[in-house]
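What follows is a set of notes on a single structure, which appears directly below.
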Amino acid sequence: MASIRMRQAISIALKDEMTADDSVVLMGEDVAAAQGVFKTSEGLLEAFGPLRVRDTPISEMGFTGAAVGAACLGLKPVVEIMFMEFLGVALDMVVTEAAKFRYLSGGRVSVPLVVRASVGSGGGFGMQHSQTLENWVAATPGLCVVVPSDPQTAYGLLRSAIRHDGPVVVLEPRVLYAQRGEVVTGEAGLVPLGRARIVRPGSQVTVVGLGQTVGVIREAVDRAGLDAEVIDLSTLVPWDRSTVVGSTRRTGRLVVVEEAPESGGWGHEIVSTVVSSAFADLKAPPFRITSPDVPVPYSPPLEARHLPTSAYVADQLTSYLESGKVPAPWWIREGFVK
Amino acid sequence: MTVTSMRTSADRRAALSDPLEVYRRMWEIRTFEEQISGLFAEGLVHGTTHTCGGQEALDIALATTLHIDDIVCCTYRGHGIALALGMTPESVLGEIMGRTTGCIGGVGGSMHLSDLSVGLLPTFAIVGAGVPVAAGVGLAFQVRGEPRVSLSVCGDGASNIGAFHEGINLAAIWKLPTVFVIDNNLYGEYSRIDKTTPISNLADRAKAYGIAGESVDGMDLEAVTEALDRHVSNARGGGGPSLLEVRTYRYAGHSRADLATYRPPGELDEWRLRDPLVLRRNVLLTGGIASAGELDDIESEVRDYIAEVVSATKEAPEPTAEAMFANVTVPLDRGTGEN
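Here the protein sequences line up with chains A and B, keeping their order.
All the letters of the first sequence, read from the start, carry residue numbers 1 to 338 under this note's numbering.
All the letters of the second sequence, read from the start, carry residue numbers 1001 to 1339 under this note's numbering.
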């Protein structure tokens, strides 16, 4: 096992899957000659040539739509959306075309498409290049949505996504591209779709994270010395209900930590489902730790505060476990929001 | 061969090598569309439909110039193209009426027709969406080195949406085997083209992509067929994409709710003088290919046939809840290892 950066794990996953399957092609802005602006397609143009590794114009609707058409005819395109926000101009192709074609064709047309997009804050990219926006793609039947949290899951989820016969959106936390970790490659390195991972067992509280917040939670739990069960949701759609509900039944407490703003986040789905199905086992009300309902600010200290930090998560978890009550978020406590 | 003996889409497609079958199909499309408004009034068709009366020449030309394994990405004004490519009236009407006999069992409706056996991807209900998808189909053919062609049909209104520009631009830079057809029927929804589009010759847009552009009389089947055949052959031979504007006229309003009161008086009548079916009938008569009596018989047979299809479809069952849950997602255990 080698210790590599997450961006390298993504390049290797693409290379391994393109080697295994001639029908896999890669398209996106500067993915070929420049090897990706985040260097997530290193060596691929050289290895597979310009027919299969294509630089596109700045034209997300065009190339995402082309990927849908190519997928309908049996290619397995992987498109890179440089920043998740850029999917806004191509969303029709993902939620209204790719996600519907199986239904629209009576099951005769599959769309084995992977849409990779970098997401999240922490890089100083400002409010139009720092959102996670999972909710753009989380409420569309027909789509799978996965989010890696480290180099291994980036490798394994991407390979599983490419092998999947339907459309999969892979949201890659941009700030983790440089993170190092040991990665098992090959078949043993695959991470199945639809399954959450218990990354740290515990008995006092179940804490669910996704992408960037998984590392934040682990650090928070260590910092506060809590006996918490930490779950990396890994697949947001369809999320692994049995693992999360089962864990919450054991611990009696649930906290979801999200990078996105408080309103409309994916954690509502988790909390709602758990409350409805495990109410009798709950020892305290489940709650969510999120960022506030404001755009991601550019100023480094403000951006750092906007994302739930490990110190903040540690404080909220500690307060919750001590009091059995839901702690108010910092923007309420400090009077910024009434 | 009688109309009712041709049950498969591929059979119906192959039959178009006979000029009388072409005439029959044009009448089939016209008669079919005329039935739709009546079915609405009866409450048997729901939501909306977009009929294509007046645009039959393009429908037929697509079916006779494309190979059966070429792929068409067309719009929600797709009943005629579906029938021309080979889909049976039973399958198309069944879908429009939401019955189990429809091409996808009634879960799609008028705007969502498809039949891969004759190269029709699910028709696109979002204006312009089929343009980049068609480019992508061409990309698949190019990557695999297959001598197949993809073809996009959009309306004049779609030439103003971003997908049109992005899709054609991609096809041009990658020299994809894709033909882009604009079915210019002069109206985008309720708005006349001169209110929405700064040029009247839409083929001129090809210049912006460095590809060939051409406009053709869309009422004349021979003219459309000749032009389309050149564009398709060029794409198949590696000549890259091109743009063909087919000038037609939409006899009905945009959708069933639209009575088209915004049209200038007399415009429809003027276009009807060059009705594609009338022009075609004259060609067959003057060429000595058929007698007036034979053509009258065909028209009458088609009317009877479509009436039979309507009656049968009215009796066809509506889908059960099981259909609602089929084909939504690919099960996760397909190809993802252990899960």
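We treat Cβ as the ideally placed atom computed from N, Cα and C, and that holds for glycine.
#1: Give me the Cα-Cα distance between A/Val208 and A/Pro173, rounded to the nearest whole angstrom.
#2: Which first and last residues belong to the beta strand (DSSP E) in which A/Asp55 is found?
#3: Name, going along the chain, the residues of the segment 129 to 151 of chain A whose beta-carbon falls closer than 7 Å to a beta-carbon of chain B.
#4: When the cut-off is 7 Å and only beta carbons count, does A/Gly120 lie next to chain B?
#5: Hey, B/Leu1093 and B/Phe1180: beta-carbon distance below 7 Å or not?
#6: Measuring only the C-alpha atoms, how far is B/Arg1007 from B/Met1219?
#7: Run through chain A and tell me which residues come within less than 7 Å of B/Glu1166, C-beta to C-beta.
#8: Out of A/Phe86, A/Arg333 and A/Arg52, which has the shortest C-alpha to C-alpha gap to A/Gly62?
#9: Any contact between the segment 8 to 26 of chain A and the segment 147 to 157 of chain A? By contact I mean 3 or more CB pairs, one from each, below 8 Å.
#10: Round the Cβ separation of B/Glu1090 and B/Val1309 to the nearest angstrom and send it over; I've been treating them as touching at under 8 Å.
#11: Leaving out five residues on either side along the sequence, give the residues of the same chain with a beta carbon under 7 Å from the beta carbon of B/Asp1018.
#12: Leaving out five residues on either side along the sequence, give the residues of the same chain with a beta carbon under 8 Å from the beta carbon of B/Arg1148.
#13: B/Thr1320 versus chain A: which residues are under 7 Å apart at the beta carbon?
#14: With H, G and I counted as helix, E and B as strand and the rest as coil, what does DSSP make of A/Met27?
#15: Got a sec: is the Cβ-Cβ distance from B/His1231 to anything in chain A below 7 Å?
#16: Under 9 Å, CB to CB, which of the residues in the segment 1065 to 1082 of chain B have a partner in chain A?
#17: May I have a chain-ordered list of the beta strand (DSSP E) segments no shorter than 3 residues that lie completely inside the segment 34 to 92 of chain A?
#18: Per DSSP, what kind of secondary structure is A/Ala311 in: helix, strand or coil?
#19: Compare the Cα-Cα distances from B/Ile1289 to each of B/Tyr1023, B/Ala1010, B/Arg1012 and B/Arg1013 and report the closest residue.
#20: With H, G and I counted as helix, E and B as strand and the rest as coil, what does DSSP make of A/Phe336?
#21: Just tell me which of A/Ala70, A/Met84, A/Glu97 and A/Ser59 has its CA closest to the CA of B/Thr1075.
#22: Is it true that the segment 129 to 137 of chain A meets the segment 55 to 69 of chain A, where meeting means three or more beta-carbon pairs spaced less than 8 Å apart?
#23: Which of the three DSSP states, helix, strand or coil, is assigned to B/Tyr1187?
#24: To the nearest angstrom, how far is the alpha carbon of A/Thr273 from that of B/Arg1256?
#25: Between which two residues does the alpha helix (DSSP H) carrying B/Ser1009 extend?
#26: With distances taken Cα to Cα, identify the nearest neighbour of B/Ala1312 among B/Ser1110, B/Gln1055, B/Thr1100 and B/Trp1027.
#27: Terminal residues of the continuous beta strand (DSSP E) containing A/Val183?
#28: Check whether the Cβ of B/Leu1332 lies closer than 7 Å to any Cβ atom in chain A.
#29: Spell out whether any CB of chain A is found under 7 Å from the CB atom of B/Leu1121.
#30: Tell me the DSSP bridge mates of B/Thr1178?
#31: To the nearest angstrom, how far is the alpha carbon of B/Ser1200 from that of B/Asn1160?
#32: Drop a sphere of 10 angstroms on the beta-carbon of A/His164, count the other beta-carbons inside from all chains shown, and report buried for 16 or more, exposed for fewer.
#33: Are the C-beta atoms of A/Ser105 and some chain B residue less than 7 Å apart?
#34: Any beta-carbon of chain B closer than 7 Å to the one on A/Arg241?
#35: For A/Ala46 and A/Lys15, what's the separation of their Cα atoms in angstroms?
#36: Can the beta-carbon of B/Leu1332 be found less than 7 Å from the beta-carbon of A/Gly120?
Here's the rundown:
#1: Take the alpha-carbon of A/Val208 and the one of A/Pro173: they are about 16 Å apart.
#2: The continuous beta strand (DSSP E) containing A/Asp55 extends over residues Val53 to Asp55.
#3: Residues are counted here when their Cβ sits less than 7 Å from a Cβ of chain B; for the segment 129 to 151 of chain A these are Pro141 and Gly142, given in chain order.
#4: A/Gly120 is outside the set of residues whose beta carbon lies under 7 Å from a beta carbon in chain B.
#5: With contacts defined as CB atoms closer than 7 Å, B/Leu1093 and B/Phe1180 fail to qualify as a contacting pair.
#6: For B/Arg1007 and B/Met1219, the distance between alpha carbons rounds to 29 Å.
#7: Counting only Cβ-Cβ distances below 7 Å, B/Glu1166 has contacts in chain A at Ser59, Met61 and Gly62, in chain order.
#8: Answer by Cα proximity: A/Phe86.
#9: Put simply, the segment 8 to 26 of chain A touches the segment 147 to 157 of chain A. At least three CB pairs are less than 8 Å apart.
#10: Between B/Val1309 and B/Glu1090 the Cβ distance is about 6 Å, and since that is below 8 Å, they are a contact.
#11: A distance below 7 Å between beta-carbons, with the five flanking residues on each side excluded, links B/Asp1018 to no residue of its chain.
#12: Taken in chain order, the residues that qualify are His1067, Asp1069, Asp1070, Ile1071, Phe1141, Pro1177 and Arg1236.
#13: Those within 7 Å of B/Thr1320 in chain A number zero; the least Cβ separation is about 15 Å.
#14: Looking at A/Met27 - three-state DSSP - the assignment turns out to be strand.
#15: Not an interface residue.
#16: Residues of the segment 1065 to 1082 of chain B that bring their beta carbon within less than 9 Å of a beta carbon in chain A comprise Ile1071 and Cys1073, in sequence order.
#17: Taken in chain order, the complete beta strand (DSSP E) segments of 3 or more residues contained in the segment 34 to 92 of chain A are 53 to 55 and 76 to 81.
#18: Correct three-state label for A/Ala311: helix.
#19: It is B/Tyr1023.
#20: DSSP places A/Phe336 in coil when its eight states are reduced to three.
#21: Taking each of A/Ala70, A/Met84, A/Glu97 and A/Ser59 in turn and checking the Cα distance to B/Thr1075, the smallest one comes out for A/Glu97.
#22: As far as the Cβ criterion goes, the segment 129 to 137 of chain A does not touch the segment 55 to 69 of chain A, which means the pair count is below three.
#23: DSSP, read as helix, strand or coil, puts B/Tyr1187 in strand.
#24: Roughly 42 Å between the two C-alpha positions.
#25: Counting along the chain, B/Ser1009 sits inside the alpha helix (DSSP H) bounded by residues Ser1009 to Ala1014.
#26: Considering only B/Ser1110, B/Gln1055, B/Thr1100 and B/Trp1027, the residue with the shortest C-alpha distance to B/Ala1312 is B/Thr1100.
#27: Its beta strand (DSSP E) spans residues Arg180 to Val183.
#28: For B/Leu1332, a Cβ of chain A is located within less than 7 Å of the residue's own Cβ.
#29: With its beta carbon less than 7 Å from one in chain A, B/Leu1121 belongs to the interface.
#30: According to DSSP, B/Thr1178 bridges with B/Ser1150.
#31: Their backbone Cα atoms lie some 12 Å apart in a straight line.
#32: Label assigned to A/His164: buried.
#33: Yes, A/Ser105 lies at the interface with chain B (some Cβ there is under 7 Å from its Cβ).
#34: It does not: the Cβ of A/Arg241 has no partner Cβ on chain B nearer than 7 Å.
#35: Rather than Ala, the amino acid found at residue 46 of chain A in this sequence is Glu. About 11 Å.
#36: It is not a contact, given that the beta carbons lie outside the stated cut-off.
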